[in-house]
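Report on the following structure.
Number of protein chains: 2
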Amino acid sequence: MVLWLIGLGLYDENDITLRGLQAVRKCSRVYLEAYTSILLCNKEKLEELYGREVIVADREMVESEAEKILKDADKEDVAFLVVGDPFGATTHTDLQLRARQQGIPVKVVHNASIMNAVGACGLQLYRFGESISIVFFTDTWRPDSFYDRIRDNRRAGVHTLCLLDIKVKEPNLEKLARGRVVYEPPRYMSVNTAVEQLLEVESRRGEGAYGPDTLAIGIARLQADDQLIVAAPMSELQGIDFGAPLHSLVIAGSVHVMEEEMIECFRIHNQPGLKPYTPPVAASDDECGL
Amino acid sequence: MVLWLIGLGLYDENDITLRGLQAVRKCSRVYLEAYTSILLCNKEKLEELYGREVIVADREMVESEAEKILKDADKEDVAFLVVGDPFGATTHTDLQLRARQQGIPVKVVHNASIMNAVGACGLQLYRFGESISIVFFTDTWRPDSFYDRIRDNRRAGVHTLCLLDIKVKEPNLEKLARGRVVYEPPRYMSVNTAVEQLLEVESRRGEGAYGPDTLAIGIARLQADDQLIVAAPMSELQGIDFGAPLHSLVIAGSVHVMEEEMIECFRIHNQPGLKPYTPPVAASDDECGL
């Protein structure tokens, strides 16, 4: 019948739309994409709300077992739930193309994602340039292709949304080499790690795309009751504890007067309750915990 | 208590989130912002769903009677409903700033808006540059400040979302001059008018930012059952009837392979049921009707 791609929104089970809920309750199978972003509630809450079993689809399943997800979707409705909006990540594009090739109609239920909700940080949405992704650096892999884009955005005076890495169900490579599949605990990049990596890249590239004094805005748990938005120079953001995931970061371009007024309430001096950030002892654990 | 800014999403009463619905049902007064965008259902449907009277707030009210909206919001919950996401338009920024200045807490319920749902057109969201707005040209006012931004986006290879003008409750200037306030019927810019104005500006400016052969994507009634997305050179888009509002337009930058695959199904040759566009006789009526 239909493959439904349903956006779940930003935070928990309550962020689905009425349209989305009506659709998911009609579906015979319900998959939850859980590796490009995560919902900060457990699967049981979703199952209770939907009255349906929810099958967690990890990267492996979506990329190599797409046929299983699409099975019988020409005869019955199948839901593929995506945190945020269904068009936030490229992976779902592939699933959609496969469905179409098989003549399965695809319907989409949109929802908020960080790509538009980032307007909550006080900078005007239409003044954002291309967004970038920052992945966790490893000893041997420290990719900095985002640098050119931030530089170009900043030179054009526009803001840059930085999407921060999420590692869910990643196999431990050491154990994999010894023939055992053991998954690492999930990791979510913190604002602190993102700024640290960004400043490392700037000191390597040295083109002055941004620096410790550049205004940036850290965002944590958008749409949650305890969401946190802090505007400060990058060096100062590093000293703030943003708490539990998910985090995002905005690097400001030129800031207009009304934007300045809006971000004023997110400045450190206007948020007396902020906690200082204490970097964890083990360097590999410097992400925010769930 | 709280000023709630609640996003209603893209299309009708079913696009509100559960979180938004819970909030609006707790509010003692409910305002609906109805001039930067519109919901394609009538107010009564909203009132029935919310169990609340809905007060339509036009531009005049939000801009000059903000105090009325905020009245007693320190004692009771007040909802300000916005089509799309609350951070889609700058007007709400002002209301938010006023609330904060008066010590009224502001809570936001996010939702989809064209700014992220435009990903439905098949082009990757992170590859969009700054978005632009196109207003209805008049005999004496034909602003083309968007031209530079489209040019810069296209040179950088990124896509441009064009937000199309909406005129709701605009006074008839001729009658106003004679001392009578008579409102014009609402007007919503069509993809056809947008392309026509864009091509006029290109022939005036002549810098080759885009042209009749440039790939563009027209979008109508996103999230509705009869939503329409058509990808074609600008000159061909002009010949397609997109039907009822709201319309948006995307001007493509460089198109990646996967994007090409995604937009293929939106090409004219893959949509046999498209209707040809017949321009209305009176030049001033060339917008799409509701």
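Taken in order, these protein sequences are the chains called F and S. Going by UniProt numbering, the first residue of the first sequence is number 1, and it counts up by one from there. Going by UniProt numbering, the first residue of the second sequence is number 1, and it counts up by one from there. Where is the CB? At the ideal position from N, CA and C, for every residue including glycine.
Spatial neighbours of F/GLU196 in its chain, beta-carbon cut-off 7 Å, leaving aside the 5 residues before and after: Your numbering for residue 196 of chain F matches position 196 in the first sequence. So the qualifying residues of the chain are GLN238.
Name the one or two DSSP bridge partners that F/ARG187 has. Here the question's residue 187 of chain F lines up with position 187 in the first sequence. Looking at the DSSP assignment, F/ARG187 forms a beta bridge with F/LYS167.
With a threshold of 8 Å between beta carbons, is S/SER254 in contact with chain F? Within the second sequence, residue 254 of chain S is the residue found at index 254, counting from 1. No, no contact with chain F.
Mark S/ALA283 as exposed unless 16 or more other C-beta atoms lie within 10 angstroms of its C-beta, in which case mark it buried. By 1-based counting over the second sequence, the position of residue 283 of chain S is 283. The pLDDT assigned to S/ALA283 is 48, lower than 50, so where the model puts this residue is not dependable; a value taken from the coordinates is nonetheless given after this. The residue in question, S/ALA283, is exposed, as its Cβ has fewer than 16 Cβ neighbours within 10 Å.
Per-residue contacts from S/THR90 into chain F (C-beta, under 8 Å): Reading the second sequence from its first residue, position 90 is the one you call residue 90 of chain S. The answer, in chain order, is GLN124 and MET258.
Got a sec: is the Cβ-Cβ distance from F/THR17 to anything in chain S below 8 Å? Here residue 17 of chain F corresponds to residue number 17 of the first sequence, with the count starting at 1. Yes, because at least one Cβ of chain S sits closer than 8 Å to the Cβ of F/THR17.
Starting from F/GLN271, find everything on chain S with Cβ-Cβ shorter than 7 Å and list it in chain order. Here residue 271 of chain F corresponds to residue number 271 of the first sequence, with the count starting at 1. Ordered by position in chain S, no residue passes the 7 Å Cβ test against F/GLN271, which lies about 13 Å from the chain.
Can you give me the start and stop residues for the alpha helix (DSSP H) that S/HIS37 sits inside? Against the second sequence, residue 37 of chain S aligns to sequence position 37. It should be noted that the sequence gives Ser, not His, for residue 37 of chain S. Premise fails: S/SER37 is in no alpha helix (DSSP H) and is neither H nor E.
Considering only the beta carbon of each residue, do S/ALA79 and S/ILE16 sit closer than 8 Å? Translated into positions along the second sequence, residue 79 of chain S becomes position 79. Translated into positions along the second sequence, residue 16 of chain S becomes position 16. In this structure, S/ILE16 does not lie closer than 8 Å to S/ALA79 by Cβ.
Tell me whether S/GLY129 sits in a helix, a strand or coil according to DSSP, three-state version. Counting from 1 along the second sequence, the entry for residue 129 of chain S is found at position 129. Reduced to three states, the DSSP call for S/GLY129 is coil.
Below 8 Å on the Cβ atoms is my contact criterion, and I expect F/HIS110 with S/LEU199 to pass it. Report the Cβ-Cβ distance as a whole number of Å. Reading the first sequence from its first residue, position 110 is the one you call residue 110 of chain F. Reading the second sequence from its first residue, position 199 is the one you call residue 199 of chain S. Actually they are not in contact, since the Cβ atoms of F/HIS110 and S/LEU199 sit about 30 Å apart, beyond 8 Å.
Under a three-way DSSP split, which group does F/CYS265 fall into? Along the first sequence, one-based indexing puts residue 265 of chain F at 265. DSSP places F/CYS265 in coil when its eight states are reduced to three.
Within its chain, find whatever has a CB closer than 7 Å to the CB of F/SER254; leave out the 5 residues flanking it on each side and keep chain order. Here residue 254 of chain F refers to the residue found at position 254 when the first sequence is read from its first residue. Non-local C-beta neighbours of F/SER254 in its own chain, meaning closer than 7 Å and more than five positions away in sequence, comprise GLY157, ordered along the chain.
Counting only runs that start and end within the stretch 49–91 of chain F, where is the beta strand (DSSP E) found for 3 or more residues in a row? Within the stretch 49–91 of chain F, the complete beta strand (DSSP E) runs of at least 3 residues are 55–57 and 78–82.
F/GLY20 burial status per 10 Å Cβ neighbour count (16 or more: buried): Locating residue 20 of chain F in the first sequence gives position 20, where the first residue counts as 1. F/GLY20 comes out buried.
Whole angstroms are fine: how far does the CA of F/GLN96 sit from the CA of F/TRP4? As a first step, residue 4 of chain F is located in the first sequence; it is residue number 4 there, counting from the start. As a first step, residue 96 of chain F is located in the first sequence; it is residue number 96 there, counting from the start. Each residue's Cα considered, the two are about 10 Å apart.
Rounded straight-line distance, which links the Cα of S/TYR126 to that of F/GLU130: Here residue 130 of chain F is taken as the residue at index 130 of the first sequence, counted from 1. Here residue 126 of chain S is taken as the residue at index 126 of the second sequence, counted from 1. Distance between the alpha carbons of F/GLU130 and S/TYR126 is about 6 Å.
Which residues DSSP lists as bridging F/ASP241, in chain order: Mapped onto the first sequence, residue 241 of chain F falls at position 241. Answer is F/LYS275, bridged to F/ASP241.
Going by Cα to Cα distance, which pick from F/GLN271, F/ILE150 and F/VAL118 is closest to F/ALA232? Residue 232 of chain F sits at position 232 when you count from the first residue of the first sequence. The option with the nearest alpha carbon to F/ALA232 is F/GLN271.
Any beta carbon from chain F within less than 8 Å of S/CYS27's own beta carbon? Stepping through the second sequence from its first residue, residue 27 of chain S is reached at position 27. No, S/CYS27 does not count as interfacial toward chain F.
Against S/ALA156, what residues of chain F qualify as contacts under a CB-to-CB distance less than 7 Å, listed in chain order? For the purposes of this step, residue 156 of chain S is taken as the residue at position 156 of the second sequence. Within chain F, the residues near S/ALA156 are ASP152.
Pick helix, strand or coil for F/GLY9, following the three-state DSSP scheme. Within the first sequence, numbered from 1, the residue matching residue 9 of chain F stands at position 9. Strand at F/GLY9.
Outcome for F/ASP85 when other beta-carbon atoms lying within 10 angstroms are tallied against a minimum of 16: Looking up residue 85 of chain F in the first sequence gives position 85. Classification of F/ASP85: buried, given that the 10 Å Cβ count is 16 or more.
Could you give the C-beta distance for F/ALA34 and F/ALA57, rounded to a whole number, given that I count them as a contact under 8 Å? Looking up residue 34 of chain F in the first sequence gives position 34. Looking up residue 57 of chain F in the first sequence gives position 57. Confirmed, Cβ separation roughly 7 Å.
What does F/SER131 reach in chain S if we use C-beta pairs closer than 7 Å? For this step, residue 131 of chain F is matched to residue 131 along the first sequence. Per Cβ cutoff of 7 Å: TYR126.
Using CA coordinates, which residue listed in S/SER37, S/PRO105 and S/GLU47 is at the minimum distance from residue 330 of chain S? Residue 330 of chain S lies beyond the residue range present for chain S, which begins at 1 and ends at 290; the question has no answer from this structure.
Would DSSP call S/LEU161 helix, strand or coil? One-based indexing of the second sequence puts residue 161 of chain S at position 161. Note: S/LEU161 maps to strand in three-state DSSP.
Within the same chain, show all residues whose beta-carbon is closer than 6 Å to that of S/SER235, passing over the 5 residues directly before and after it, in chain order. Position 235 of the second sequence holds residue 235 of chain S. Only PRO212 meet the Cβ criterion.
Applying the criterion that 16 or more other CB atoms from any shown protein chain within 10 Å of the CB defines a buried residue, is S/HIS269 buried or exposed? As a working mapping, residue 269 of chain S is identified with position 269 in the second sequence. With fewer than 16 Cβ atoms within 10 Å of its Cβ, S/HIS269 is classed as exposed.
Look up F/LEU222 in the DSSP assignment and say whether it is helix, strand or coil. Numbered from 1 along the first sequence, position 222 holds the residue referred to as residue 222 of chain F. Looking at F/LEU222 - three-state DSSP - the assignment turns out to be coil, as it is neither helix nor strand.
Contact defined as beta carbons within less than 8 Å: I believe F/SER190 pairs with F/HIS247. What is the distance between those atoms, to the nearest angstrom? The residue labelled residue 190 of chain F in the question sits at position 190 within the first sequence. The residue labelled residue 247 of chain F in the question sits at position 247 within the first sequence. So it is a contact: roughly 5 Å between Cβ atoms.
Using 8 Å as the threshold, is the C-beta distance between S/CYS27 and S/ASP74 below it? Taking the first residue of the second sequence as 1, we reach residue 27 of chain S at position 27. Taking the first residue of the second sequence as 1, we reach residue 74 of chain S at position 74. Against a cut-off of 8 Å, the Cβ pair of S/ASP74 and S/CYS27 comes out as no contact.
Mind checking if F/PHE87 is an interface residue toward chain S, Cβ cutoff 8 Å exclusive? Here the question's residue 87 of chain F lines up with position 87 in the first sequence. For F/PHE87, the answer is yes, since a Cβ of chain S falls inside 8 Å of its Cβ.
Counting only C-beta atoms, is F/CYS265 closer than 8 Å to chain S at any point? Residue mapping note: residue 265 of chain F aligns to position 265 of the first sequence, counting from 1. Yes, F/CYS265 lies at the interface with chain S (some Cβ there is under 8 Å from its Cβ).
Would a C-beta distance cut-off of 8 Å place S/THR214 and S/ILE251 closer than the cut-off? Mapped onto the second sequence, residue 214 of chain S falls at position 214. Mapped onto the second sequence, residue 251 of chain S falls at position 251. Judged by their CB atoms, S/THR214 and S/ILE251 are nearer to each other than the 8 Å cut-off.
Just checking: is the beta-carbon of S/VAL230 within a distance shorter than 8 Å of some beta-carbon in chain F? Working through the second sequence from its first residue, we reach residue 230 of chain S at position 230. No - not a single Cβ of chain F is within 8 Å of the one on S/VAL230.
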